[in-house]
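Participant: Using the numbering used here, you'd call the opening residue of the sequence shown number 20 and step up by one each time. Note that beta-carbon positions come from the ideal geometry of N, C-alpha and C, so glycine has one too.
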Amino acid sequence: MSDIIWSPQQADFLDWCVDGRGSCVLEAVAGSGKSTTLIEAVAVIKGQVALMAFNTTIAKELKGKLADKGIDWKKGQAGTCHSFGLSALRKSFGKPEVNGDKVTLMLEIAIDRDQELFPHIGTIARLISLAKQSAFGVVCSDKDEHNWHNIIEHHDLIDEDNHEMAEAILATARAFFEKSRNIVDVIDFDDMIYLPLFHKCRFWQFDVVMVDEAQDTNAARRALASAMLKKGGRLIAVGDRHQAIYGFTGADNDSLELIKRDFNAIELPLTVTYRCPKAVVDFAKQWVSHIEAHETAPEGSVSQIFMYDFFERNDLKAGSAVLCRLVKPIVSLALALIRRKVPCKVEGRDVAASLKRLVKRWKVVQLEALDNRLDAYLDRERTKLLAKKATAKLQTVEDTVETIKAIIEQCRQDGKHTVNDVSNYIDYLFSDDVTGILVLSTIHKSKGREWETVFWLDRANTCPSPWARQKWEEEQEANIQYVAATRAKSTLIDLMP
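1. Check the C-beta distance from Gly463 over to Ile264 and give it rounded, since I have them as a contact under 8 angstroms.
2. Any idea if Asn498 is buried or exposed, counting beta-carbon neighbours within 10 angstroms, 16 or more meaning buried?
3. Among Val384, Gly338, Asn480, Ile512, which one has its Cα closest to the Cα of Gly455?
4. Cα separation between Cys363 and Val350?
5. Starting from the N-terminal side, write out each stretch of the beta strand (DSSP E) that is 3 residues or longer and does not extend beyond the region 299–354.
6. Out of Leu393, Asp369, Glu135, point me to the one whose CA is closest to Val420's CA.
7. Quick one: what's Gly455 bridged to in DSSP?
8. What span of residues does the beta strand (DSSP E) with Glu471 cover, start to end?
9. Could you tell me which residues DSSP pairs with Val68 in its beta bridges?
10. Please classify Ser308 as buried or exposed, where buried requires at least 16 other C-beta atoms within 10 Å of its C-beta.
11. Fully enclosed by the region 188–257, which beta strand (DSSP E) runs are 3 residues long or longer?
12. Using three-state DSSP, classify Ala150 as helix, strand or coil.
13. What's the gap between the Cα of Glu400 and the Cα of Asn272?
14. Just grab the DSSP bridge partners of Met515 for me.
15. When you compare each of Glu183, Trp92, Lys84 to Trp223 by their alpha carbons, which one comes out closest?
16. For Val228, which residues in the same chain have their Cβ closer than 6 angstroms to its Cβ, ignoring the five residues on either side in sequence?
17. Let me check understanding here. Comparing Cα to Cα, which of Ile426, Val341, Leu352 lies closest to Ala507?
18. Is Cys343 near Asp477, with beta carbons less than 8 angstroms apart?
19. Do Lys448 and Val361 have their C-beta atoms closer together than 8 angstroms?
20. Taking all protein chains shown into account, decide if Pro516 is buried (16 or more other Cβ within 10 angstroms of its Cβ) or exposed.
21. Determine the direct distance from the alpha carbon of Gly39 to that of Thr292, and round the result to whole angstroms.
22. Would you mind reading off the limits of the alpha helix (DSSP H) that contains Glu135?
23. Express the C-alpha separation of Ile23 and Phe302 in angstroms, rounding to a whole number.
24. Would the region 465–476 count as touching the region 381–388 if we require 3 or more Cβ pairs under 8 angstroms?
Below, the structure is given as structure tokens:
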């Protein structure tokens, strides 16, 4: 082992990696040094290891740490679920074109003249996406209507009181699910994981597969990890059930329990955080009672300030972040900071892409026309989603529209009047490269990150979401608050409007 002095819990896990048998769920609280521990585990494990990261940013960081440790690709390979899946797909089918709108485009072409069904294209595409993430036809039957209705109910996708339309939506989703998975020359991001499983592509086999952020896996990701294991191979799933916050994307809220069951895995803990000071840990215990501060942790602080005090601070720079449950408040704050010549960026090019898709949806040119289209769109969605009691989805729609309207207003103040100006301003505001600058981010985007000072914007009015109705949604709202609090390495500040 290295010269690092490991905690008793870390040492127990590393000893198990060397001498133990079978699979393991390593449940690690926020800031518990899991990345450092995992890199050491790759070094001490006998055999070849795949280290499966949640996203490309984390994968890049893990690759760098493996290289710093002197571990070459023959010993340990880091990548995302998508990159491992795409590699297997390419071996069988060559290099496909990647188009994230594959299914939507198929649907738009096929049902263009069906005026009743066309407004439901988004729901149909979402249902197909969730079926792929649930690995229909791989780990469970895609012919069983019960499986489809489970997805519909869990994500509250269809108003089943309108039986005729519900049946039409489901029938269309099932037909295009079948069609989509047999098209391999054009793929979307779900296909990268699902298609190599469905078509039984050959995966590179590993002695050990480590799955990072395992609490946010779905059936397809877990099936991919299993397919990459040699016969008798071992799975190490690292995660924190209290950081499961991606249920709305298709992740299973009980992923760690499912892994323990399916892989007959033991459970080992990492309960000490090396990131958070004692005051922040005490604050976070309201959501996770077992998190512990390290004995050498500084005291730190948790406090409250109002917005007028925020603008007078001298720490609005690199090393600080503003986090919020919703997008609109952070965009509005970013606009206010820019007007005060405070350099900042909103993190998330993917968030920007979703905003731009709505901005460009109607092919209008002037801001007034866009404003009118947004109002009409919000009215339609509000009526439809309230009828379905899909209040959580309505909150997302409202947040998106209000965010765009805030940017429209800023464009008007700057003397700009076209939709293209709005699109360009979105590109200006959002970035994936937020180093060396004050960061503004949704709590979801902040996962896996840390800053000396964290300002939690409008916590009282946004957390938990009042629209969380189902039990799993309520659990994830508590998790979101735990994630936000534990990003702070020194100071956590409630930023009140």
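Facilitator: Answer, in terms of the structure:
1. Here residue 463 is taken as the residue at index 444 of the sequence shown, counted from 1. Here residue 264 is taken as the residue at index 245 of the sequence shown, counted from 1. Contrary to the premise, residue 463 reads as His rather than Gly in this sequence. With a Cβ gap of about 6 angstroms, His463 and Ile264 count as contacting.
2. The residue you call residue 498 lines up with position 479 of the sequence shown. With 16 or more Cβ atoms within 10 Å of its Cβ, Asn498 is classed as buried.
3. Position 436 of the sequence shown, counted from the start, is the residue given in the question as residue 455. Taking the Cα of Gly455 as reference, the smallest distance to any Cα among Val384, Gly338, Asn480, Ile512 is reached at Gly338.
4. On the sequence shown, residue 363 is found 344 positions in, with the first residue counted as 1. On the sequence shown, residue 350 is found 331 positions in, with the first residue counted as 1. The alpha-carbon atoms of Cys363 and Val350 are separated by roughly 11 angstroms.
5. Within the region 299–354, the beta strand (DSSP E) runs of at least 3 residues that lie entirely inside it are, in chain order, 320–325, 339–343.
6. Indexing the sequence shown from 1 puts residue 420 at position 401. When the alpha-carbon of Val420 is set against those of Leu393, Asp369, Glu135, the nearest one is in Leu393.
7. For the purposes of this step, residue 455 is taken as the residue at position 436 of the sequence shown. None, per the DSSP bridge assignment.
8. As a first step, residue 471 must be located in the sequence shown, where it is residue number 452. For Glu471, the enclosing beta strand (DSSP E) covers residues 470–476.
9. Here the question's residue 68 lines up with position 49 in the sequence shown. Answer by DSSP bridge pairing, in chain order: Gly95, Val227.
10. Within the sequence shown, the letter at position 289 stands for residue 308. Ser308 is exposed by the Cβ-count criterion.
11. Fully contained in the region 188–257 are the following beta strand (DSSP E) runs of length 3 or more, in chain order: 225–230.
12. Translated into positions along the sequence shown, residue 150 becomes position 131. Helix.
13. As a first step, residue 400 must be located in the sequence shown, where it is residue number 381. As a first step, residue 272 must be located in the sequence shown, where it is residue number 253. Computed Cα separation, rounded: 27 angstroms.
14. The count along the sequence shown starts at 1 and reaches residue 515 at position 496. For Met515, which the question treats as bridged, DSSP gives the partners Phe325.
15. Here the question's residue 223 lines up with position 204 in the sequence shown. Looking only at Glu183, Trp92, Lys84, the smallest Cα-Cα distance to Trp223 is reached by Trp92.
16. As a first step, residue 228 is located in the sequence shown; it is residue number 209 there, counting from the start. Excluding residues within five positions, the ones whose Cβ falls inside 6 angstroms are Ala69, Ala244, Met247, Leu248, Leu254.
17. What you label residue 507 is simply residue 488 of the sequence shown in a count that begins at 1. The residue with the shortest Cα to Cα distance from Ala507 is Val341.
18. Working through the sequence shown from its first residue, we reach residue 343 at position 324. Working through the sequence shown from its first residue, we reach residue 477 at position 458. Contact flag set, yes.
19. Your numbering for residue 448 matches position 429 in the sequence shown. Your numbering for residue 361 matches position 342 in the sequence shown. A quick correction: the sequence has Leu, not Lys, at residue 448. No.
20. Counted from its first residue, the sequence shown places residue 516 at position 497. Exposed.
21. Taking the sequence shown and counting its residues from 1, one reaches residue 292 at position 273. Taking the sequence shown and counting its residues from 1, one reaches residue 39 at position 20. For Thr292 and Gly39, the distance between alpha carbons rounds to 25 angstroms.
22. Numbered from its first residue, the sequence shown carries residue 135 at position 116. First-last for Glu135: undefined, no H or E at that position.
23. Translated into the one-based positions of the sequence shown, residue 302 becomes position 283. Translated into the one-based positions of the sequence shown, residue 23 becomes position 4. Cα to Cα, the separation comes out at about 29 angstroms.
24. Judged by pairs of C-beta atoms under 8 angstroms, the region 465–476 does not touch the region 381–388, as fewer than three such pairs exist.
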